[in-house]
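Visitor: Have a look at the structure that comes next, please.
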Amino acid sequence: MIIPDPDKHISIFCSIGEWGSNITDVLSDFSIDHLDFENPKHRNSIFRYYTRLLLIASEILTDFQEFIIYFKAFKDKDKKVKQNKARLLMIDKRLPFTTQQLFDYINHICKHKFADAKKYSKYHLCNHHIDYAFKDSKSFRHETKNICITDLTFKETEEIEIISLIEIINQVLFCYDKLDEILYDRTLNIQTKLTPFAKTITT
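To convert, take the position in the sequence shown, counting from 1, and add 222; that gives my numbering.
Given below as structure tokens:
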């Protein structure tokens, strides 16, 4: 990768790195280490922990999406088409879900709670009235009747399957690698596109 000026600070790199530090902070929080997946009284607290990590991951992944759109300079006028193209490039085929499925999962399970029950399967429809099945639990077994990342259909009496921590982290790491790959692509005129973000930092 050729940067505009090696003596200047590239703000977008600092930004994406700082957001990564938020993930480190969550993973370094040992306050729930005493909680047990198998204890029903502990599951709500554990779910909130996973939610915090997923919400941070969502922001980072959205940044990656916008970086890819910017650097790739897709010609499409429709913003949604550009987003879809970027999300296709963000797919890690080693994971059991696509990037779009992860975004949908976070939007349905972790945020955007209020929605028309006839149109959407949103978590607020079953909040506090449904149990969680954590993939990180030793006793986890996938059940087709559950709400899961590949099937968000609302099922009132079943469980929500919570994806594993390593799957969340691997998706983010894959996107860092993808961005790195794009920045080394000499056909994309990266140097010119980085120039607006190059700042001189005075101390």
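C-beta atoms are modelled at their ideal positions from N, C-alpha and C, and glycine is treated no differently. Keep in mind that this is a model prediction, so the values were computed, not measured.
What whole-angstrom Cβ distance do N392 and L317 have, given they're in contact under 8 Å?
Guide: Walking along the sequence shown from the start, residue 392 turns up at place 170. Walking along the sequence shown from the start, residue 317 turns up at place 95. That pair is a contact at about 6 Å.
Visitor: So, helix, strand or coil for Y406, using DSSP?
Guide: In the sequence shown, counting from the first residue as 1, residue 406 sits at position 184. Note: Y406 maps to coil in three-state DSSP.
Visitor: If you measure between the beta carbons of I234 and F419, is that distance less than 8 Å?
Guide: As a working mapping, residue 234 is identified with position 12 in the sequence shown. As a working mapping, residue 419 is identified with position 197 in the sequence shown. Against a cut-off of 8 Å, the Cβ pair of F419 and I234 comes out as a contact.
Visitor: Decide if R309 is buried, meaning its Cβ has at least 16 other Cβ atoms within 10 Å, or exposed.
Guide: Looking up residue 309 in the sequence shown gives position 87. Under this definition R309 is a buried residue.
Visitor: Pop quiz: S267 and I254 are said to be a contact at Cβ under 8 Å. What is the actual Cβ separation, rounded to whole angstroms?
Guide: Against the sequence shown, residue 267 aligns to sequence position 45. Against the sequence shown, residue 254 aligns to sequence position 32. That belief holds up - the Cβ atoms of S267 and I254 are roughly 6 Å apart, short of 8 Å.
Visitor: Is the segment 256 to 276 in contact with the segment 370 to 389, if contact means three or more CB pairs nearer than 8 Å?
Guide: yes
Visitor: Examine the Cβ distances between the segment 249 to 265 and the segment 287 to 307 and report whether three or more of them are shorter than 8 Å.
Guide: no
Visitor: In its own chain, which residues sit with a C-beta less than 6 Å from the C-beta of I313, not counting the 5 before and 5 after it?
Guide: Your numbering for residue 313 matches position 91 in the sequence shown. Excluding sequence neighbours, I313 sits near T320, T321.
Visitor: Please go through the same chain and pick out, in chain order, the residues whose beta-carbon is closer than 6 Å to the beta-carbon of G242, but skip the five residues on each side of it.
Guide: By one-based count along the sequence shown, residue 242 stands at place 20. Result list for G242: empty, nothing under 6 Å.
Visitor: Inspect the beta-carbon positions of Q323 and I371 and report whether they are closer than 8 Å.
Guide: Against the sequence shown, residue 323 aligns to sequence position 101. Against the sequence shown, residue 371 aligns to sequence position 149. Yes, Cβ-Cβ distance for Q323 and I371 is below 8 Å.
Visitor: Taking its Cβ as the centre, do 16 or more other Cβ atoms sit within 10 Å of C236, making it buried, or is it exposed?
Guide: As a first step, residue 236 is located in the sequence shown; it is residue number 14 there, counting from the start. C236 should be labelled exposed.
Visitor: Thinking C-beta only, is E383 closer than 8 Å to K360?
Guide: In the sequence shown, residue 360 corresponds to position 138, counting from 1. In the sequence shown, residue 383 corresponds to position 161, counting from 1. For K360 and E383, no; Cβs fall outside 8 Å.
Visitor: Could you check whether C397 and F325 sit closer than 8 Å to each other, using their CB atoms as the reference points?
Guide: Within the sequence shown, numbered from 1, the residue matching residue 325 stands at position 103. Within the sequence shown, numbered from 1, the residue matching residue 397 stands at position 175. Their beta carbons are not under 8 Å apart, which means F325 does not touch C397 by this criterion.
Visitor: In or out: Y327 buried (at least 16 other Cβ within 10 Å) or exposed?
Guide: As a first step, residue 327 is located in the sequence shown; it is residue number 105 there, counting from the start. Result: buried.
Visitor: Could you give the distance in angstroms between the alpha-carbon of Q413 and the alpha-carbon of S280?
Guide: On the sequence shown, position 191 is the one that residue 413 refers to. On the sequence shown, position 58 is the one that residue 280 refers to. Rounded to the nearest angstrom, the two C-alpha atoms are 28 Å apart.
Visitor: Would you decide whether L276 is buried or exposed? Buried here means 16 or more other CB atoms lie within 10 Å of its CB.
Guide: As a first step, residue 276 must be located in the sequence shown, where it is residue number 54. When all chains shown are included, L276 counts as buried.
Visitor: Just verifying my parser: in three-state terms, what is the DSSP assignment at A279?
Guide: Here residue 279 corresponds to residue number 57 of the sequence shown, with the count starting at 1. Of the three classes helix, strand and coil, the one that applies to A279 here is helix, per DSSP.
Visitor: Using DSSP with H/G/I as helix, E/B as strand and the rest coil, what is H330?
Guide: Position 108 of the sequence shown holds residue 330. Three-state DSSP puts H330 in a helix.
Visitor: Does the Cβ of V394 have 16 or more other Cβ atoms within 10 Å, making it buried, or fewer, making it exposed?
Guide: Locating residue 394 in the sequence shown gives position 172, where the first residue counts as 1. By the 10 Å Cβ count, V394 comes out buried.
Visitor: List the residues that DSSP assigns as beta-bridge partners of I382.
Guide: As a working mapping, residue 382 is identified with position 160 in the sequence shown. According to DSSP, I382 bridges with Y354, I369.
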